[in-house]
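Right, one structure below, let's go through it.
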Amino acid sequence: MMQGGEQAVTERASDGSEYERAEAAAQFIFSRTKLRPKIALVLGSGLGPFADEFADATKIPYSEIPHFPQSTAIGHAGKLVIGNVDGIAVAGMQGRVHLYEGYSVKEVSFPIRVFARMGVKAVILTNAAGGIKFTQGRLVVISDHINLQGVNPLTGFNDERFGQRFPDMSCAYDKRFREMAVGQGNRLGIGIDEGVYAALAGPSYETPAEIRYLRTIGADLVGMSTVPEVIAARHSGMRVLGISCVTNAAAGILDQPLNHREVLETAARVKGDFVALLKAVFPRVAETIG
Ligand code: HPA
């Protein structure tokens with residue numbers, strides 16, 4: 000057993016426990032707004048501007064929220080927007096942080112811990128993804144995931160106030176939410192699919208061999224986010240809906256290199272449909288969580 004192992008698995012004493020840090024952030028957010036959202040929305044690449052449409056909005060830069068990580072990726076504004084969408088209170092993250100920025104998996108999932116402390120019941124996570132089974136521009140409801148990031152936000156000390164040591168992940172993506180999202184997509188005439196999201200750490204895109212491997216193990220989409228947040232959300236009993244925008248064909252599928260500009264351009268092109276879907280899904284998610 001390594002010397003000092005105990006220290007590695009206990010919390011940093013200086014800022015309090017993760018639970019206390021999340022509580023401090025939640026109380027800070029509550030000091031800025033009277034709204035008490037039960038739904039949180041994480042807006043991935045290019046989708047952030049949707050939160051600018053929220054009514055009665057309070058915008059809080061991540062830099063002002065105690066212990067919140069700062070987002071550095073292009074296309075991620077780094078603001079928490081609390082507001083109303085058609086009369087439903089929502090906490091919207093304009094941008095998230097990723098492992099590839101150098102953040103720890105606990106930092107990546109910290110905002111979800113804060114939502115848990117705020118009493119949020121449902122988390123809607125969006126992202127840009129490479130399509131293994133799906134073509135560019137498709138919106139895909141995540142049915143399940145494969146965690147290939149090599150890390151898990153629940154590693155280390157388990158604070159039972161968040162959740163149990165070994166949480167079940169057999170229904171990580173809420174079945175009812177998935178059916179609703181697919182149903183609304185079809186009603187709106189938006190082509191919509193369901194698929195399995197494989198998460199890698201990035202930031203380099205995958206090699207064609209890695210994409211062939213991912214296809215073989217059952218992945219339909221590939222990305223660099225979302226999974227730590229889903230694990231933290233499920234740990235705390237929040238219900239999860241995940242939706243990917245396929246911004247590009249995964250590596251090696253087409254005879255062309257991948258680049259981030261294409262990802263942002265496709266995300267911008269599909270934004271209208273994505274926002275329409277989110278707006279259609281909100282009232283139904285709100286109704287389900289009561
Ligand atoms: N791979 C990984 N992450 C991504 C991709 C991709 O092809 N596109 C958008 N995010």
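Residue numbers (numbering that gives the first Met the number 0): 0 to 289.
Every residue, glycine too, gets a C-beta built ideally from N, C-alpha and C.
Model, not experiment: these values are computed from the prediction.
Among all residues, which have a Cβ less than 6 Å from at least one non-hydrogen atom of the ligand HPA, and in what chain order do they fall?
Residues with a Cβ closer than 6 Å to any heavy atom of the ligand HPA, in chain order: A127, A128, G129, Y204, E205, V221, G222, M223, T246, N247, A249, L257, V262.
Look up G58 in the DSSP assignment and give the residues it is bridged to.
A small correction: the amino acid at residue 58 is Lys; Gly does not occupy that position in the sequence shown. In the DSSP output, where bridge partners are listed per residue, K58 has V80.
In or out: D55 buried (at least 16 other Cβ within 10 Å) or exposed?
Looking at its Cβ environment, which holds fewer than 16 other Cβ atoms inside 10 Å, D55 is exposed.
Roughly how many angstroms separate the alpha carbons of R283 and L46, rounded to a whole number?
Straight-line measurement puts the Cα of L46 at about 21 Å from the Cα of R283.
Within 7 Å, strictly: CB atoms of I326 and K120
Residue 326 is absent from the structure shown; the chain starts at 0 and stops at 289.
Are the Cβ atoms of E106 and V140 separated by less than 7 Å?
No, Cβ-Cβ distance for E106 and V140 is not below 7 Å.
Tell me whether the stretch 237-252 and the stretch 112-130 touch, counting them as touching only if at least three CB pairs, one residue from each stretch, are closer than 8 Å.
Segments in contact, yes.
Under 7 Å Cβ to Cβ from Q6, same chain only, skipping five residues before and after it: list those, please.
Caution is warranted here: a pLDDT of 43 is assigned to Q6, below 50, making its placement in the model unreliable, and no coordinate value can be reported.
Is the beta carbon of G136 sitting closer than 7 Å to the one on V229?
Result no, Cβ atoms of G136 and V229 do not sit closer than 7 Å.
Going by alpha carbons, who is nearest to K132 out of E261, T215, L263, N146?
It is T215 whose Cα lies nearest to the Cα of K132.
Range of the contiguous alpha helix (DSSP H) that encloses L138
Taken as a continuous stretch (DSSP letters only), L138 belongs to no alpha helix (DSSP H), being part of the beta strand (DSSP E) at 138-146.
Residues in its own chain within less than 8 Å of A128 by CB, not counting five upstream and five downstream?
Counting only residues of its own chain and dropping the five nearest sequence neighbours on each side, A128 has a CB closer than 8 Å to the CB of V139, Y196, L220, V221, G222, S243, C244, V245, T246.
Compute the Euclidean distance between the alpha carbons of D167 and V104, then round it to the nearest angstrom.
In a straight line, the C-alpha of D167 is about 19 Å away from that of V104.
Using 8 Å for Cβ pairs, my map puts A198 next to L147. What's the rounded Cβ distance?
The C-beta distance from A198 to L147 rounds to 6 Å, short enough to fall under 8 Å.
What is the residue span of the beta strand (DSSP E) that Y196 lies within?
Residues 191-198.
Quick check on M117: does DSSP put it in helix, strand or coil?
Looking at M117 - three-state DSSP - the assignment turns out to be helix.
Here's a check: name, in chain order, each residue in its chain whose Cβ is nearer than 8 Å to the Cβ of S108, leaving out the five neighbours to either side.
Excluding residues within five positions, the ones whose Cβ falls inside 8 Å are P152, P227, E228, I230, A231.
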